[in-house]
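Everything on this sheet refers to the single structure shown next.
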Amino acid sequence: MRALVLSGGGAKGAYQVGAIKYLMGERGEHYDIFTGTSVGAINAAYLSMFPAGNELDAAKGLRNLWLDIDSSKIWGKWYWGLLGLLPAVLPKWLGGKPSAYSTAPLRKLVGKHLKPKAVQASGKLLRIGAVDLDSGARRVWDERDPAHLVKAVLASSSFPMFFEPVEINGRLYTDAGVREVSPIEDAIKAGAREIHLISTGPAEVVGRFDRKGGLSLGRRVLGVMESEIERWDVKSVELYNALYEAKHPKAIGKSHITLKVLRPDQDLMDNALDFNPTDIVTNMTRGFMDARMMKWDSTVVSERN
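Letter by letter, the sequence shown follows residues 66 to 370 of this note's numbering.
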């Protein structure tokens, strides 16, 4: 079985859309399994609605969805003016809120475009993860749970502190990227033996940043953390293959995993929460061009970085 794994990255998810335009739109690549984290969860869930043979429609639909996006359709301020981010640091009794931004626009967007019954009927397997804030454990939802699928996608996309956590069955969930940036393991557990991963960040944290700016420093720290988490996500395939080749008891009945990783060679943008239409188009084009340069037909494990 073949899987498409999509990492997190906020507005950088446009890079995935461009790559998907090439893979599914031009090459007609078929995937049995879709897994995603954060913005990758949104993209994966959308693609999973389309049955086999509808790859071009899936790629076109996702691209059109993104071409109609700007920041106002993803997040909003609780209050305007100088009070913009203040609610995130105030106690509840003083009007405090659970996040810096309201995600009412994102809830509307996902609710409009994601049809859980279509996912269930498509024949595709979907895996969406989020982190339980009460226990710290990672929870995974699939296509067999349409009642909670929209909330699961929103939970996976709940960027800590900036976006509201999501309550599901009395539990509070946040962005899956806290524990797993690229959910490769979910794809393997679902039966994938050939995996295409589209990451939104370079293998190493690169580029300049403002050494005296608090927000810039914070973004750099998050970038380093995400890079390290994803490094271990990818490493899991190497460990799995090592067990298989060593004929370890846990690998009996399994087969070798082929992984191909597509990623940009440098950071796509400074602020992943800025869904600027111009940047979206630019990163779509970049994803398309990078995907076209990748040697997808090779049977050798490969990575473009």
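Virtual Cβ for every residue (Gly too), placed ideally from N, Cα, C.
The beta carbons of Glu259 and Arg67 sit about 5 Å from each other, so the pair counts as a contact at 8 Å.
Within the segment 78 to 113, the runs of beta strand (DSSP E) that reach at least 3 residues and sit entirely inside it are, in chain order, 98 to 101.
Under the three-state reduction of DSSP, Asp298 is assigned to helix. Annotation for Leu214: the continuous alpha helix (DSSP H) segment containing it runs Leu214 to Ser221.
Bounds of any alpha helix (DSSP H) do not take in Val243, whose DSSP letter is neither H nor E.
Rounded to whole angstroms, the separation of the alpha carbons of Ala356 and Leu132 is 19 Å. Taking each of Gly78, Ser103, Ser187 and Lys180 in turn and checking the Cα distance to Ile134, the smallest one comes out for Gly78.
Burial check for Gly242: the Cβ neighbour count within 10 Å reaches 16 or more, so the residue is buried. For Leu262, the secondary structure class from DSSP, reduced to helix, strand or coil, is strand. In the structure shown, Thr347 falls within a helical segment according to DSSP collapsed to helix, strand and coil.
As DSSP reads the structure, Val205 sits in a beta bridge with Gly194. Of the candidates Ser200, Arg244, Lys254 and Glu245, Ser200 places its Cα closest to the Cα of Gly235.
In this structure, Ser113 places its C-beta atom within 8 Å of the C-beta atom of Lys189. With three or more CB-CB distances shorter than 8 Å, the segment 120 to 128 counts as touching the segment 91 to 105. Nearest Cα to Ile322 within the set Ala165, Asp207, Ala252 and Thr347: Ala252. For Arg236, the uninterrupted beta strand (DSSP E) run begins and ends at Arg236 to Thr239, by DSSP.
With a contact defined as Cβ atoms closer than 8 Å, Ser222 and Ile107 qualify at about 6 Å.
Within 10 angstroms of the beta-carbon of Asp332 lie 16 or more other beta-carbons, which makes it buried.
If you draw a straight line from the Cα of Asp335 to the Cα of Ile85, it comes to about 23 Å. Distance between Ile98 and Leu71, taken at the CA atoms: about 11 Å. Rounded to the nearest angstrom, the Cβ distance from Pro230 to Thr239 is 5 Å, consistent with a contact under 8 Å.
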